[in-house]
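**Q**
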Amino acid sequence: MAFDDGNLAAHPGPAGTLPSGLAAVMGADGIKEQQFAEVSATCTGLITRIALSYEADPALRRELVQDILLAVWIALDNFRGEASLKTFTASIAQKRCISHVTRRAREPRQVELPTDLISAAPPPDEIALRNDQKKRLVEAIQLLPIPQREAIVLAIEGFSYAEMAEILGISTNAVMLRCQRAKTTLKSIMERRS
């Protein structure tokens, strides 16, 4: 089950193009531009969902997604094709999100706005129920310890245990253990909240 952030623009630019101004500022070369266009077209949703699991604030999440995209652009110079572009991108996204959480933990707390604002025009009941379930799942995932959160987000995204191990830099057995612990913890959180 993948989750989505409906408030976040999914693409930084039209499919196959660099985000506005990035090509001009960075000076895009052919292969790198093609690789980034592929990331932009196929991995922006993945990046957004990974960022969503680490950042609840929509404005900060948009900044985080842009930071990840910039990091991917820069890292493409070192992409050797040893892993898929999706795995390469997910690894960068995970690392950027960890850096973001670490940096935010050091900052003084700001006044937090409620995340459960009710829309003036609510959707049909079935859509509302699904959205509520997704929201509760995202909130529960955000409560997981970071190692469990990393593993379960990658599992939700459909990565194999081997790919997850490569992204996280741990053994396949450690990934399986983290996923199992995350599932158990999520089940407990969801039961307490229902």
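For the sequence shown, full-length UniProt numbering assigns the number 1 to the initial residue and increments by one for each residue that follows. By construction, the Cβ of each residue, glycine as well, lies at the ideal position given by its N, Cα and C atoms. Quick caveat, the model's predicted, so the values are computed rather than measured.
#1: Just to confirm the assignment, what range does the alpha helix (DSSP H) spanning Glu-157 have?
#2: Are three or more beta carbon pairs between the stretch 71 to 80 and the stretch 124 to 131 nearer than 8 Å?
#3: When you compare the CB positions of Leu-64 and Cys-97, do they come within less than 8 Å of one another, or not?
#4: Considering Gly-45, what are the terminal residues of the alpha helix (DSSP H) in which it resides?
#5: I need the straight-line Cα distance from Pro-147 to Ile-156, nearest angstrom please.
#6: Report the option in Tyr-54, Ser-40, Ala-56, His-100 whose CA atom is closest to the CA atom of Leu-76.
#7: Cα separation between Gln-180 and Gln-142?
#8: Quick one: Cα of Leu-129 to Cα of Glu-139, how far?
#9: Assign Ala-93 to one of two classes, buried (16 or more other C-beta atoms within 10 Å of its C-beta) or exposed (fewer than that).
#10: Excluding five sequence neighbours on each side, which residues of the same chain lie with their C-beta closer than 7 Å to the C-beta of Ala-83?
#11: For Thr-184, which of Ala-151, Gly-169, Gly-158, Thr-102 has the nearest alpha-carbon?
#12: Hey, would you say Leu-46 sits closer than 8 Å to Ala-90, going by beta carbons?
#13: Out of Glu-38, Lys-135, Asp-57, point me to the one whose CA is closest to residue 269's CA.
#14: Hey, how far is the Cα of Lys-134 from the Cα of Thr-44?
#15: Of the residues Asn-78, Leu-85, Lys-187, Asn-173, which one's Cα is nearest the Cα of Ala-37?
#16: Where does Ala-174 fall in DSSP's three states?
**A** According to the structure shown:
#1: For Glu-157, no alpha helix (DSSP H) run applies, since DSSP gives it neither H nor E.
#2: As far as the Cβ criterion goes, the stretch 71 to 80 does not touch the stretch 124 to 131, which means the pair count is below three.
#3: The answer is yes: Cβ separation under 8 Å.
#4: Run containing Gly-45: 44 to 54, per the alpha helix (DSSP H) assignment.
#5: So the alpha carbons of these two residues sit roughly 15 Å apart.
#6: Here the closest residue by C-alpha is Ser-40.
#7: In a straight line, the C-alpha of Gln-180 is about 16 Å away from that of Gln-142.
#8: The alpha-carbon atoms of Leu-129 and Glu-139 are separated by roughly 15 Å.
#9: Counting every other CB atom within 10 Å of its CB across the protein chains shown gives Ala-93 a total of 16 or more, marking it as buried.
#10: Once the five neighbours on either side are set aside, the close Cβ partners of Ala-83 are Glu-166.
#11: The shortest Cα separation from Thr-184 among Ala-151, Gly-169, Gly-158, Thr-102 belongs to Ala-151.
#12: Taking 8 Å as the Cβ cut-off, Leu-46 and Ala-90 qualify as a contacting pair.
#13: An answer regarding residue 269 cannot be provided, because it is not within the stretch 1 to 194 covered by the chain.
#14: Using only the alpha carbons, I get a separation of about 19 Å.
#15: For Ala-37, the closest C-alpha among the options Asn-78, Leu-85, Lys-187, Asn-173 is that of Leu-85.
#16: In this structure, Ala-174 counts as helix in the three-state DSSP scheme.
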